[in-house]
Amino acid sequence: MKTKKILTLLFISLLTTTITQPISLINNNTNIYTTLAVKYEYRYKVINGILHKRLYNTTTKKFEGNWIPIG
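Just so we're aligned: the sequence shown equals residues -20 to -1, 1 to 51 in mature numbering (1 follows the signal peptide of the UniProt record, and there is no 0).
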C-alpha cells in the first residue's frame, strides 16, 4: 500500500512538470519593446492673438507645464 502511494505521487509529480513546461515556453516572449527614454515636444497655440508654447510628454500623452507666451 505504501509503495502504491509513492508511485502515485511520483507519477503525479512527473505529469505536472511535463504539463507546465510547454506553458512556460509559450509565455517566454522575447519581442517585447519598451521605451527607455521619455520624449518631450513643444505644442503651440495662439491665445488672444499671442503665440504660446507648452511642453508635452509624448510618452504619457500629458502636458508638463503651463502655456508660455513666446511672441
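All C-beta atoms, glycine included, are put in the ideal place defined by N, C-alpha and C.
For clarity, every value in this text was computed on a predicted model and none was experimentally measured.
Beta-carbon contacts of residue i that lie in its chain and below 6 Å, excluding the five residues immediately before and after
{"i": "LEU31", "result": "ILE50 and GLY51"}
{"i": "GLU44", "result": "LEU35 and ASN37"}
{"i": "TYR24", "result": "LYS33"}
Inter-residue Cα distance where the pair is residue i and residue j
{"i": "TYR36", "j": "TRP47", "result": "11 Å"}
{"i": "residue 64", "j": "ILE12", "result": "An answer regarding residue 64 cannot be provided, because it is not within the stretch -20 to 51 covered by the chain."}
{"i": "TYR22", "j": "SER(-8)", "result": "59 Å"}
{"i": "LEU28", "j": "LYS42", "result": "Before going further, note that residue 28 is Asn rather than Leu in the sequence given. Their backbone Cα atoms lie some 23 Å apart in a straight line."}
{"i": "LYS33", "j": "VAL26", "result": "9 Å"}
{"i": "MET(-20)", "j": "PHE(-10)", "result": "15 Å"}
{"i": "LEU(-14)", "j": "THR10", "result": "38 Å"}
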